[in-house]
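**Student:**
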């Protein structure tokens with residue numbers, strides 16, 4: 001298939017993460033299915049057969065099917081990268097995406113949870129009362145570590161899944177994270193998180209959870225944790241403190257960044273902690289801070 005060369009390129013030369021490669025593959029397969037519907041004679045056998053009309057028609061169908069503008073924009077970005085590659089390879093003489101304008105994406109503020117409520121849940125104090133949420137067994141300790149790691153470091157779900165025990169430096173109190181495009185960064189750990197990590201590793205050893213890969217987080221049977229397990233864990237525990245629809249690991253990443261900014265942390269420092277490639281990606285959190293200041297102003301100022 002003519003898409004294979006591009007997939008090999010982003011996988012081995014660009015060294016994109018498996019998650020990113022899978023997303024590119026999915027977008028391209030979906031586009032190809034639109035061009036060559038089942039039970040019909042294929043009309044597109046290579047990138048040179050695709051026109052800007054084909055891409056526009058696909059966009060229209062996606063929008064008609066209720067696909068969000070953000071998702072459509074991402075899919076068009078996939079096509080831009082693919083046809084740019086095809087142009088460089090000499091497979092086409094003109095890029096059909098050059099005549100395509102992606103739909104405007106509405107800007108949304110990052111969704112966060114209440115930091116005080118989250119801290120209360122982790123400390124076992126819900127609404128000022130003692131309320132033990134996490135069990136003392138292996139599963140409870142691991143679940144608490146999942147929440148603490150995401151909230152305490154701001155790492156992405158995929159990054160947390162990939163952390164190994166050897167990535168944790170108990171001498172420097174840091175954790176090494178492998179981010180997007182295999183870029184490593186070092187994140188400091190607070191003292192409570194360090195103690196929880198030590199306790200978790202002890203419980204894992206004492207209960208003889210068998211795991212040969214040395215991955216930090218494992219299932220009850222010792223297998224490597226997988227993204228769905230992490231997502232379900234976060235969603236379940238955040239249900240104790242929030243009724244908002246979004247209760248994902250990325251919400252904890254947003255909460256981490258917003259909390260730091262509200263406490264006066266430098267934006268460039270937050271950028272490095274989050275592993276953003278440029279500052280513009282980090283600046284979105286300033287909007288949450290401005291909204292918080294407006295709220296404080298309205299509550300506290302006589303003419304607010």
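Residue numbers (UniProt numbering): 1 to 304. Heads up, the beta-carbon is just placed ideally off N, CA and C, and yes, glycines get one too. All values derive from a computational prediction rather than experimental measurement.
Considering only the beta carbon of each residue, do residue 257 and residue 274 sit closer than 8 Å?
**Tutor:** What you label residue 257 is simply residue 257 of the chain shown in a count that begins at 1. What you label residue 274 is simply residue 274 of the chain shown in a count that begins at 1. Taking 8 Å as the Cβ cut-off, residue 257 and residue 274 qualify as a contacting pair.
**Student:** What's the call for residue 169, buried or exposed, on a 16-neighbour Cβ count within 10 Å?
**Tutor:** On the chain shown, position 169 is the one that residue 169 refers to. Answer is exposed; the Cβ neighbour count stays below 16.
**Student:** With a CB to CB cut of under 8 Å and the five nearest residues on each side skipped, what residues in its chain are close to residue 73?
**Tutor:** For the purposes of this step, residue 73 is taken as residue 73 along the chain shown, with counting starting at 1. Non-local C-beta neighbours of residue 73 in its own chain, meaning closer than 8 Å and more than five positions away in sequence, comprise 102, 103 and 105, ordered along the chain.
**Student:** CA-CA distance, residue 46 and residue 56?
**Tutor:** For the purposes of this step, residue 46 is taken as the residue at position 46 of the chain shown. For the purposes of this step, residue 56 is taken as the residue at position 56 of the chain shown. Put simply, the backbone Cα of residue 46 is about 18 Å away from that of residue 56.
**Student:** Span of the beta strand (DSSP E) holding residue 178?
**Tutor:** Mapped onto the chain shown, residue 178 falls at position 178. Residues 174–178.
**Student:** Less than 8 Å separating the beta-carbons of residue 110 and residue 254?
**Tutor:** Taking the first residue of the chain shown as position 1, residue 110 is located at position 110. Taking the first residue of the chain shown as position 1, residue 254 is located at position 254. Contact: yes.
**Student:** Taking only runs of the alpha helix (DSSP H) that begin and end inside the UniProt domain "Core-binding (CB)" (1–87), which ones reach a length of at least 4 residues, in chain order?
**Tutor:** 4–8, 18–35 and 52–64
**Student:** Are the segment 176–192 and the segment 147–166 touching by the rule of at least three beta carbon pairs closer than 8 Å?
**Tutor:** yes
**Student:** According to DSSP, simplified to helix, strand and coil, what is residue 368?
**Tutor:** No statement about residue 368 is possible, as the shown extent of the chain runs from 1 to 304 and does not include it.
**Student:** Considering only C-alpha positions, which residue in the set 276, 260 and 272 is nearest to residue 286?
**Tutor:** Reading the chain shown from its first residue, position 286 is the one you call residue 286. Comparing Cα-Cα distances from residue 286 to each of 276, 260 and 272, the minimum goes to 260.
**Student:** Please go through the same chain and pick out, in chain order, the residues whose beta-carbon is closer than 8 Å to the beta-carbon of residue 184, but skip the five residues on each side of it.
**Tutor:** In the chain shown, residue 184 corresponds to position 184, counting from 1. Residues 176, 177 and 178 of the same chain have their beta carbon placed closer than 8 Å to that of residue 184, with the five preceding and five following residues left out of the count.
**Student:** Which one or two residues does DSSP pair with residue 184 in a beta bridge?
**Tutor:** Position 184 of the chain shown, counted from the first residue, corresponds to residue 184. Partner(s): 178.
**Student:** Are the segment 185–203 and the segment 142–160 touching by the rule of at least three beta carbon pairs closer than 8 Å?
**Tutor:** yes
**Student:** Where residue 13 and residue 21 are concerned, what is the direct C-alpha to C-alpha distance, given to the nearest angstrom?
**Tutor:** Counted from its first residue, the chain shown places residue 13 at position 13. Counted from its first residue, the chain shown places residue 21 at position 21. Going by the C-alpha atoms only, they are around 12 Å apart.
**Student:** Quick one: measure Cβ to Cβ for residue 237 and residue 133, integer angstroms, because I've assumed they're closer than 8 Å.
**Tutor:** Within the chain shown, numbered from 1, the residue matching residue 237 stands at position 237. Within the chain shown, numbered from 1, the residue matching residue 133 stands at position 133. Going by Cβ atoms, the distance from residue 237 to residue 133 rounds to 7 Å, so yes, they are a contact pair.
**Student:** Only counting the same chain, and skipping five residues up and downstream in sequence, which positions put a Cβ closer than 6 Å to that of residue 87?
**Tutor:** Along the chain shown, read from residue 1 onward, the residue named residue 87 stands at position 87. Contacts found: 95.
**Student:** DSSP beta-bridge partners for residue 105?
**Tutor:** Residue numbering aside, residue 105 sits at position 105 when the chain shown is read from its first letter. The partner list for residue 105 (beta bridge, DSSP) is empty, contrary to what the question assumes.
**Student:** Please classify residue 214 as buried or exposed, where buried requires at least 16 neighbouring CB atoms within 10 angstroms.
**Tutor:** In the chain shown, the residue the question calls residue 214 occupies position 214. Exposed, since its Cβ has fewer than 16 Cβ neighbours within 10 Å.
**Student:** Between 76, 83 and 52, which lies nearest to residue 63 when the distance is taken from Cα to Cα?
**Tutor:** In the chain shown, residue 63 corresponds to position 63, counting from 1. The option with the nearest alpha carbon to residue 63 is 76.
**Student:** Which residue from 120, 97 and 108 puts its Cα closest to that of residue 151?
**Tutor:** Residue numbering aside, residue 151 sits at position 151 when the chain shown is read from its first letter. Closest option to residue 151, Cα to Cα, is 120.
**Student:** Please name the residue in 141, 276, 7 and 85 whose C-alpha comes closest to that of residue 123.
**Tutor:** Walking along the chain shown from the start, residue 123 turns up at place 123. The residue with the shortest Cα to Cα distance from residue 123 is 141.
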